[in-house]
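Residue numbers (UniProt numbering): 1 to 364. Glycine is no exception: its CB is placed at the ideal position from the N, C-alpha and C atoms. Computed from a predicted structure; not experimentally measured. Reviewing the structure listed below.
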Amino acid sequence: MESMPSNPDAATSLGEVLARVGVERPAAAPGDTFLTVVMRTQGRRLPCLAEALEALATQTDQDFEVVLVRHRIEAAMVAGVDATVAAQDVALREKVRVLDLDTGARGAPLNLGFREARGSYVVILDDDDLVLPDWVATFRELHDAHPGRALRAAALRQDVDAVVEDGQARAVPAGEPYEFWPKPFHLLDHLLMNGTPPMTIAFPRTVFHDLGEHFDEELDTTEDWDFLLRAVTLVGVANTDRPTALYRWWRAGQSSHHVHDDAHWAANHALVQRRLDDRVLLMPHGTVQRLQELVELPRVEHAEVLAERDRLSAENAALAEQVADLKERLARKRRQVRQLERQYERQGEPEEQPRPRRFGRRRD
1 MESMPSNPDA ATSLGEVLAR VGVERPAAAP GDTFLTVVMR TQGRRLPCLA
51 EALEALATQT DQDFEVVLVR HRIEAAMVAG VDATVAAQDV ALREKVRVLD
101 LDTGARGAPL NLGFREARGS YVVILDDDDL VLPDWVATFR ELHDAHPGRA
151 LRAAALRQDV DAVVEDGQAR AVPAGEPYEF WPKPFHLLDH LLMNGTPPMT
201 IAFPRTVFHD LGEHFDEELD TTEDWDFLLR AVTLVGVANT DRPTALYRWW
251 RAGQSSHHVH DDAHWAANHA LVQRRLDDRV LLMPHGTVQR LQELVELPRV
301 EHAEVLAERD RLSAENAALA EQVADLKERL ARKRRQVRQL ERQYERQGEP
351 EEQPRPRRFG RRRD
């Protein structure tokens with residue numbers, strides 16, 4: 001394993017820049033626990049919430065806490081959330097803090113959860129997603145190798161259908177989980193589109209508490225992508241290809257993908273990019289090579305398209321010649337058939353017979 005700097009922040013993008021000019025940021029104070037899991041719920045998918053909590057109970061590394069934010073929840077749903085938490089094993093139940101927030105868009109409960117976090121790292125886990133038993137342990141391994149960076153693992157997509165019973169949505173799998181998001185992390189690619197589900201990336205608490213990066217509460221979609229981009233340009237990313245979570249993709253309803261139309265998503269997408277364009281961004285190592293690949297890719301693809309066009313054009317010309325030859329041969333065959341038909345008709349006509357003589361009485 002590679003040697004680590006005495007100050008973990010020096011390994012981050014911001015720390016490296018400051019170190020080059022002789023400025024060293026104070027090392028971040030460790031949290032009371034390794035990881036804070038921030039969950040949002042409105043109490044409408046209690047079976048899913050129960051499954052998510054049960055998945056946390058099976059973690060091989062139990063050094064975490066859970067901040068469960070009930071966001072703009074209806075009064076009738078409060079007792080259900082309390083009962084779902086109370087039904088968990090005592091070891092997990094003692095890790096859970098339940099907070100209430102009655103205002104704000106999707107980013108508001110995340111800001112509250114990150115503000116209340118006591119862990120050295122903070123990660124988002126939506127109440128309808130699942131994590132595998134090595135989820136926390138994988139983050140720990142990444143931290144041990146690259147302390148101070150954002151810690152990113154992979155996820156599989158699980159398409160699900162909603163079965164609603166007594167007003168509560170239960171997720172029923174529709175097929176097997178499959179790879180959907182890129183396993184490597186490339187910042188330039190993420191500037192165009194988010195390829196990191198929220199439960200797959202844990203952020204150092206310093207991003208929120210010391211560097212002042214918060215979730216944009218004006219956004220009602222893409223708030224996690226916006227925060228991710230601002231965070232990783234400061235602290236960088238430690239990545240593994242190991243899948244540690246299942247992102248449940250509702251095929252109908254139950255998610256922000258269905259609440260807002262494509263135009264709304266596109267507007268928020270453009271807003272995030274405009275705001276990023278107003279910032280000074282720190283690019284990680286390898287960005288120039290990746291940029292060159294992205295620039296060269298259209299050229300290579302264009303050359304391949306031209307070559308394919310020429311190949312198809314040559315094939316079309318050859319086929320056209322073959323078609324013309326076949327047409328000429330077909331015309332000759334038809335002429336031969338007509339000649340044979342005329343010969344047959346002539347051969348089949350009856351020969352002219354001599355006129356019969358008329359017999360009768362001879363007159364003198």
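Element boundaries [alpha helix (DSSP H), containing residue i]
| i | result |
| --- | --- |
| L110 | G107 to E116 |
| M39 | That residue, M39, is in no alpha helix (DSSP H); its beta strand (DSSP E) goes T33 to T41. |
| A93 | Per the sequence presented here, residue 93 reads as Arg, with Ala not at that position. Segment V90 to R93, the alpha helix (DSSP H) holding R93. |
| V23 | No alpha helix (DSSP H) contains V23, which DSSP labels as neither H nor E. |
| E165 | Per DSSP, E165 belongs to no alpha helix (DSSP H); it is in the beta strand (DSSP E), A150 to E165. |
| L191 | L187 to L192 |
| L142 | W135 to A145 |
| D100 | From DSSP, D100 is part of no alpha helix (DSSP H) but of the beta strand (DSSP E) over V96 to L101. |
| A86 | A75 to A86 |
Beta-carbon separation (whole angstroms), residue i vs residue j, contact threshold 8 Å
| i | j | result |
| --- | --- | --- |
| M77 | G43 | 3 Å |
| M199 | A245 | 5 Å |
| residue 370 | L151 | This structure cannot speak to residue 370, because the chain is shown only from 1 to 364. |
| P243 | A155 | 6 Å |
| L191 | L229 | 7 Å |
| V131 | A55 | 5 Å |
| G31 | R205 | 6 Å |
| P197 | Y247 | 5 Å |
| R251 | D159 | 6 Å |
| I201 | V123 | 7 Å |
Cβ neighbours of residue i in the same chain (closer than 7 Å, five flanking residues each side left out)
| i | result |
| --- | --- |
| S13 | T233, L234, V235, G236, L282 and P284 |
| V207 | E213, A231, L234 and V235 |
| F34 | D63, F64, G119, S120, Y121 and R140 |
| M1 | With a pLDDT of 33 at M1, under the threshold of 50, the predicted position of this residue should be treated as unreliable, though the coordinate-derived value follows. Hits under 7 Å: A145. |
| G107 | F215, D216, E217, L219 and E223 |
| R342 | none |
| R346 | none |
| D129 | A52, M199, A245, L246, Y247 and R248 |
| L294 | L188 |
The beta strand (DSSP E) enclosing residue i, as first and last residue numbers
| i | result |
| --- | --- |
| N268 | Looking at the DSSP string, N268 is not in any beta strand (DSSP E); the run it does join, the alpha helix (DSSP H), is D262 to D277. |
| T244 | V237 to W250 |
| E65 | F64 to H71 |
| P47 | Looking at the DSSP string, P47 is not in any beta strand (DSSP E); the run it does join, the alpha helix (DSSP H), is L46 to A57. |
| residue 378 | This structure gives no information on residue 378, because the portion of the chain shown stretches from 1 to 364. |
| G119 | G119 to I124 |
| F203 | I201 to P204 |
| residue 371 | Only positions 1 to 364 of the chain appear in this structure, which leaves residue 371 out of reach. |
Residue of the options minimising C-alpha distance to residue i
| i | options | result |
| --- | --- | --- |
| I73 | V67, V81 and V66 | V81 |
| P109 | V37, E328, D262 and A79 | V37 |
| A117 | E51, A174, H209 and P47 | H209 |
| A162 | W249, T240 and R205 | W249 |
| R45 | D224, G31 and D127 | D127 |
| H186 | V288, E328 and P47 | V288 |
| L142 | L49, D166 and F203 | F203 |
| D166 | D224, P47 and R93 | P47 |
| R70 | D261, Q158, T103 and H264 | T103 |
| residue 384 | H269, F227 and L297 | Lying outside 1 to 364, the shown extent of the chain, residue 384 is not represented and no answer is given. |
| V90 | A79, S313, A75 and A57 | A57 |
Close Cβ partners of residue i (< 6 Å) along its chain, the five nearest in sequence each way excluded
| i | result |
| --- | --- |
| L53 | Q88 |
| D337 | Correcting the residue type first, residue 337 is Val in the shown sequence and not Asp. None. |
| T84 | L46, L49 and A50 |
| P182 | G195 |
| A105 | E217 and D220 |
| Y344 | none |
| A28 | T206 |
| L286 | Correcting the residue type first, residue 286 is Gly in the shown sequence and not Leu. Answer for G286: no residue qualifies. |
Cut-off 8 Å between Cβ atoms - residues of its own chain near residue i, not counting five sequence neighbours on either side
| i | result |
| --- | --- |
| residue 365 | Nothing can be reported for residue 365, as the shown portion of the chain is limited to 1 through 364. |
| L291 | L188 |
| E308 | none |
| V164 | R170 |
| residue 365 | With the chain covering 1 to 364 only, the question about residue 365 has no answer from this structure. |
| R93 | V85 and A86 |
| residue 365 | With the chain covering 1 to 364 only, the question about residue 365 has no answer from this structure. |
Contact between the stretch 93-100 and the stretch 161-177 (3+ Cβ pairs under 8 Å):
no
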